[in-house]
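*Asks:*
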Amino acid sequence: MNLGAFDFLTKPLDLHDLEITLHKTLKAVQQEKEAQKQKELAEKAHAELLKQQALRKSEKRFRALIENSVDLIMILNPDGKIIYSSPSVQRFLDDFNHKNLNISIFNIIHANDRQLIKHILQKTVNNPAEKQYVNELEIINKRQELQIFEAVFTNLILDDNITGIVVNCHNITERKIAEEKLIYDAFHDSLTKLPNRALFMDRLSHAFSRYKRYHQYQFAVIFIDLDRFKVVNDSLGHLAGDQLIIEVANRLTKDLHYNDTVARMGGDEFAILLEYIQSQDNATYIAQRIQKLLQLSFKINNQEVYTSASIGIAFPNQDYQNSTDILRDADTAMYRAKTLGKARQEVFKPSMYADNLAKLKLEIDLRQALKDNELELYYQPIILLETGLLCGFEALLRWKHPQRGIISPNEFIPIAEETGLIIPIGWWTLEQACKQTCNWQKQFSLQPLTISVNLSGKQFSQAQLVEQIDEILSLTCLDYHSLRLEITETTIMENEKIVMEILSELKGMNVQLNIDDFGTGYSSLSRLRNFPIDTLKIDRSFVMRMDSEPENLEITKAIISMAKSLEIDVIAEGVETATQLSLLRKLKCKYGQGYFFSKPVNSSQATNLIAAAKIW
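With my numbering as the guide, the letters of the sequence shown map in order to residues 31 to 646.
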């Protein structure tokens, strides 16, 4: 207070000064608010500027995306008129002009899709929140080609920036082509382009279902297996074999009804589904026509090739439970045709199924027979016609079944061939025959007996064939030259190169080689001369009738004459009469074999024949 503070506090108020002070303060506040407002406006303007820049940048990116997109992007009004289209649309349509937008989506899509798109547009308008999807839409391009698209329809009519329905179309043509190819390949044979087994079974299943519903509907299944295809394939090569399969497929499809299905089931097997047939005779007539077509020559690599077919036919009936059984029975009938001589047709009968069961039972018994030593060798004499003396035997297999007695090889050998049992049976036969012959040679030292043993085609497929024969001959101590191995023409012709190598090795071991049943196959002496063959066996079908049918005599005479010119010996099979024997001696045939001399006998009886030293 001493300093005058009291005087200051009690100093009278100057209203003028106060007014000035308040005015200044208020002005300062207003200026500060204005400055803050300006700052906010500036910040807002800056933010708006950044937003606009971002939008322009985004629009630029979006435009670049649209302009470079391969998808067709369009904006439509609710009626389908195009109010905007991306450059990709112009590139796709070529003559479409952005400036002339008086065009509708219906002008560029396939007529089949127009009703669908009308419906989609209506749904898009009525359900703005839902996108509408079209899985396949066909649009016509500038080359008037149909391309397949996936399409999405989005309702942006209320969007001020769009005001229309946005359609995005993605081209899936290549994918669809790839998918269709995969599906096609899955159901078609790659070589012939015919339906394959899977597609055939599908169509057969539908046919069977139709038959179950409508008994008046009839169909048939034809199963076809080419005869001698392996010979063609192995002799001319796999490419020639493939070409033959293609040509066969072309002939099979010729003149068939469009409802019918021809399928390649695999290898040289085909199947035909004949639908809406009037009677079973229709199917058998078509099968006969197929036989004739396939028997005509084929031109393969500038060479005429011949084949034929074994055909089985099956018809549905109320006993069948599923379609696969019908195909099975057609297959069974085909095998019956093949068994009965090939180049023929058979209609399935229930008895064939019973025969198959019997064959299955026989196979089971045959396997057991190998274990139980039920197989036995019989021996049929071979006579040197110049002297009339016995000079050897052919070993022939017999099966002494515990219930059925003696079973003919004609009955069980085909089963052994099919199942592969012929291989162990063949080796057993060779070993037993060599062992027995060695015993005879020791017992009758003055007679150089030979033994003829058949080798099956299956044995020729064994890698160690020559080694196995060598081992058996060493084991049994039989002189190699005493063994005559018999092979068929078919075995030689099926794989000439491999057979030639094997026969050359066997010949090098001093084993003798016979061609069995000559005249029944497709070879000729001119081809066989290239093989190291010692002897031809003329098939019994010629010899048995040579004294009653002149043509058979001439054939036999020709074979003997040509064989002599090639320095190949001849054995005539099936000699049954003295007249036949006399004719063969006049023709200078070296050996004879048949019932005139002796039927096949067991080893004990064969021993007696040797001991008797009979002269025929």
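Backbone N, C-alpha and C define an ideal beta-carbon position, used for all residues, glycine too.
In three-state terms, what does DSSP make of Phe442?
*Replies:* DSSP places Phe442 in helix when its eight states are reduced to three.
*Asks:* On the DSSP bridge list, what partners appear for Ile545?
*Replies:* Paired residue(s): Ile517 and Leu566.
*Asks:* Quick test of the definition: if touching needs 3 or more C-beta pairs under 8 Å, does the stretch 346-353 touch the stretch 290-305?
*Replies:* Touching, no, given that fewer than three Cβ pairs across the two stretches are closer than 8 Å.
*Asks:* Kindly indicate the opening and closing residues of the alpha helix (DSSP H) around Met530.
*Replies:* That run of the alpha helix (DSSP H) goes Glu526 to Gly538.
*Asks:* Pick from Ile147, Lys472 and Ile169: whose alpha carbon is nearest that of Leu123?
*Replies:* When only C-alpha atoms are compared, the closest one is Ile169.
*Asks:* Would DSSP call Pro117 helix, strand or coil?
*Replies:* Helix at Pro117.
*Asks:* Could you spell out the range, first to last residue, of the alpha helix (DSSP H) harbouring Tyr244?
*Replies:* Note, Tyr244: premise wrong, no alpha helix (DSSP H); not H, not E.
*Asks:* State the Cα-Cα distance for the pair Tyr383 and Asp546, rounded to the nearest angstrom.
*Replies:* Their backbone Cα atoms lie some 33 Å apart in a straight line.
*Asks:* By a C-beta neighbour count over all protein chains shown, 10 Å radius and 16 as the cutoff for buried, is Ile50 buried or exposed?
*Replies:* Ile50 should be labelled exposed.
*Asks:* Are at least three pairs of beta-carbons, each pair with one atom in the stretch 610-630 and one in the stretch 400-419, less than 8 Å apart?
*Replies:* Verdict: yes, contact present.
*Asks:* For Gln544, I'd like the list of residues in its chain whose CB is within less than 8 Å of its CB, leaving aside the five on either flank, ordered along the chain.
*Replies:* A small fix is needed here, since residue 544 is Asn in this sequence, not Gln. Closer than 8 Å at the Cβ level, and outside the excluded window around Asn544, lie Ser482, Arg514, Leu515, Glu516, Ile517, Ile563, Asp564, Thr565, Leu566, Lys567 and Ile601.
*Asks:* Does the stretch 251-269 come within contact of the stretch 172-187, defined as at least 3 CB pairs closer than 8 Å?
*Replies:* As far as the Cβ criterion goes, the stretch 251-269 does not touch the stretch 172-187, which means the pair count is below three.
*Asks:* Of the residues His140, Ser115 and Tyr241, which one's Cα is nearest the Cα of Asn132?
*Replies:* Cα-wise, what sits closest to Asn132 is Ser115.
*Asks:* Classify Gly194: buried if its beta carbon has 16 or more other beta carbons within 10 angstroms, exposed otherwise.
*Replies:* That one is buried.
*Asks:* Is it the case that the Cβ atoms of Phe238 and Glu277 are separated by a distance below 8 Å?
*Replies:* Against a cut-off of 8 Å, the Cβ pair of Glu277 and Phe238 comes out as no contact.
*Asks:* Terminal residues of the continuous alpha helix (DSSP H) containing Gln473?
*Replies:* Counting along the chain, the alpha helix (DSSP H) containing Gln473 begins and ends at Ile452 to Gln473.
*Asks:* Who does Arg428 pair with in a DSSP beta bridge?
*Replies:* Answer is Glu406.
*Asks:* Give the DSSP-derived three-state secondary structure of Tyr336 in the structure shown.
*Replies:* It is coil, neither helix nor strand.
*Asks:* Is it buried or exposed for Val377, if we count other Cβ within 10 angstroms and need 16 for buried?
*Replies:* Label assigned to Val377: buried.
*Asks:* May I have the straight-line CA-CA distance separating Asn263 from Leu326, to the nearest angstrom?
*Replies:* So the alpha carbons of these two residues sit roughly 18 Å apart.
*Asks:* Work out the CA separation of Asn165 and Arg319 for me, nearest whole Å.
*Replies:* Roughly 47 Å separates the two Cα atoms.
*Asks:* Start and end of the alpha helix (DSSP H) containing Phe217?
*Replies:* Run containing Phe217: Thr203 to Phe217, per the alpha helix (DSSP H) assignment.
*Asks:* So, is Met576 buried or exposed, given that buried needs 16 or more other C-beta atoms within 10 angstroms?
*Replies:* Buried, by the Cβ-count rule.
*Asks:* DSSP state of Asn289, grouped into three classes?
*Replies:* If DSSP states are grouped into helix, strand and coil, Asn289 belongs with coil.
*Asks:* Give a yes or no on whether the C-beta atoms belonging to Tyr510 and Asn484 are separated by under 8 Å.
*Replies:* Cβ distance not < 8 Å, so Tyr510 and Asn484 don't count as in contact.
*Asks:* Whose CA, out of Ile532, Thr459 and Glu524, lies closest to the CA of Thr506?
*Replies:* Comparing Cα positions, the closest option is Thr459.
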